[in-house]
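To start, the structure under review is shown below, and the notes come after it.
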Amino acid sequence: MATIKDVAKRAGVSVATVSRVINLSPQTRPDTVESVKSAMKELGYRPNAAARTLVSKKSLAIGVVVADVSDPFFGTLVKHVDTMALQQGHHLLIGNGYHKKEREKQAIESLIQNQVGAFIIHSKALDDDTLLAYAAENEAMVFINRLIPGLEDRCIHLDNYRGAYLATEHLIQQGHKAIACISSNHDIEDSQQRRRGYLDALKAHGLGQHDCSRETLGWIATGWPDEQGGEDAMLKLLKDSKQITAVFCYNDVMAAGAITAITDNAYRVPEDISVVGFDDSLIARYLHPKLTTVRYPIEEMAAQAAELAISLSNNKQSLATNGGYKPTLVRRQSVQRV
C-alpha cells in the first residue's frame, strides 16, 4: 500500500508539500499540485487523517469518553455523535471510564496523547477542578450530562432532579401513595439527583414523612443500573414492602428488570404495581406493557455536543447558547390510576 512518502518521492517533492496539497493549501503552486495529484493517482494513494494533519496540526478525530459503550444509553450517545461527525468528515475514538476516577482519567489522557481534534466527555467520577484543568488545555473539550461552574458554555446537560420529580408526581396524581424507588448503586450525581427528586415530590404532596429512613424501611432499593440490577432491587422491595403499588426506576433497563420480577411473582403491571422508568430508550416502547418513562433527549444532546466540539476545534464561536435540557414525561401503559 502506497504511503505519503511514496507519493512525495514519485512527485519529487517533500512530504510537507504533499500534505499541503491534501489540505488544499493556497500556498502551493498549481504545477506542484498537479504533479502530486498525478503521483497519488498512479500509486493509488488515498489520503488518511494523519496526512491531513501534518500541516494543519488538527486531527479529524473526535474523542468520546463514556461510562460503558455497551450500555444502550451510551451506545445511543456514541451513535449520534458519530452521525454528526461523519457529516463533517470526522471519525471517532472512544474510551470507557466506568464511573471510576482512574479509568476516566486514563481515557481522557489517551485521547489527548492521540491528538484528537475535539473531545466529548461524559465524566462522573472526576471532580470539577480536574475537568477545568483539562478544559483549559483543550479548548475543543465539551462535557455532556454535566454542568461545571465556569464551563457553562461547554456543557450539555439534563435536569435529572426535575425528571425524577415529574415521574414521582405523575404516580401521585394517579392516586398512588405507596411509591418505592429503584436507584443505581453508582455513587454519581445522576443517582443522587434522581433520588432527591423522588423524595422531594413525595414530601411536597405530604407523603415524605419518612424521608430520612425511607431506605431502611424498604422503600428504596439499589442495584447495578442494568436489567439484573433492576430485577434484584424489585425482588428486595417485594420482600420488604408488600404494600407497594408503584415504583419509580432509575432507568428503563432497570424498569425492565423490575417488571420481570413483578410478573414472575404473580403480580401484574400496571394492575397491581405501576412502573415508571427514565431515559425513554428503545426498550421502553417494546416492553409489555409499554413503559411510561421520563424522556432523556440524548440524541439531540449528543448531536449538539458534537456540533459544538467540532466548531470549537475549528476556532469558531461557541454554539452552546443553551446547553440545558428539560425532561418530559412520556405516558404509556405501565401506570394505572388507583
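Just so you know, the sequence shown maps onto residues 1 to 338 in the UniProt record's numbering. Glycine included, each C-beta is placed from N, C-alpha and C at the ideal position.
Listed in chain order, the beta strand (DSSP E) elements of length 3 or more contained wholly in the region 146-228 are 155-158, 179-184, 220-223.
Look at isoleucine 120 here: in three-state DSSP terms it is strand. For histidine 80, the enclosing alpha helix (DSSP H) begins and ends at 72-87. In the displayed model, tyrosine 134 falls within a helix according to three-state DSSP. Going by DSSP, glycine 277 is part of the beta strand (DSSP E) stretching over 274-279. DSSP places glycine 95 in the uninterrupted beta strand (DSSP E) bounded by 91-96.
By the 16-neighbour rule on beta-carbons within 10 angstroms, glutamate 34 is exposed. Residue environment for serine 70: exposed (fewer than 16 other C-beta atoms within 10 angstroms of its C-beta). In this structure asparagine 114 is exposed. Its beta-carbon is surrounded by fewer than 16 other beta-carbon atoms within 10 angstroms. By the criterion of a C-beta distance shorter than 6 Å, arginine 337 is surrounded in its chain by Gln174, Gly175, once the five residues flanking it on both sides are discounted. At the C-beta level, tryptophan 224 and asparagine 185 come within 8 Å of one another. The criterion of a C-beta distance shorter than 8 Å is not satisfied by leucine 312 and histidine 170. In the three-state reduction of the DSSP assignment, valine 33 falls in the helix class. In the pairwise beta carbon analysis, the region 300-314 is classified as not touching the region 275-285: fewer than three pairs are separated by under 8 Å. Remark: fewer than three beta-carbon pairs, one from each stretch, lie closer than 8 Å, so the region 99-115 and the region 81-91 are not flagged as touching. The residue from Arg103, Arg331, Leu131 with its alpha-carbon nearest to that of cysteine 155 is Leu131. Lysine 290 and isoleucine 259 have their C-alpha atoms some 11 Å from each other.
For alanine 39, the closest alpha carbon among the candidates Ala180, Lys9, Ile262 is that of Lys9. Between the region 232-244 and the region 138-153, the count of Cβ pairs shorter than 8 Å is below three; the stretches do not touch. The C-beta separation of alanine 261 from methionine 301 comes to about 31 Å, leaving the pair out of contact by the 8 Å criterion.
Between the alpha carbons of valine 335 and asparagine 315 lies a gap of roughly 49 Å. Glutamate 104 and alanine 67 have their C-alpha atoms some 8 Å from each other.
In the DSSP assignment, threonine 293 forms a beta bridge with Gly277, Val330. Residue pairing of methionine 141 in beta bridges, as defined by DSSP: Phe119. In this structure, Gly44 is the residue among Ala11, Gly44, Gly12 with its C-alpha nearest to the C-alpha of alanine 2. Listed as beta-bridge partners of alanine 246 by DSSP are Ile179, Ser274.
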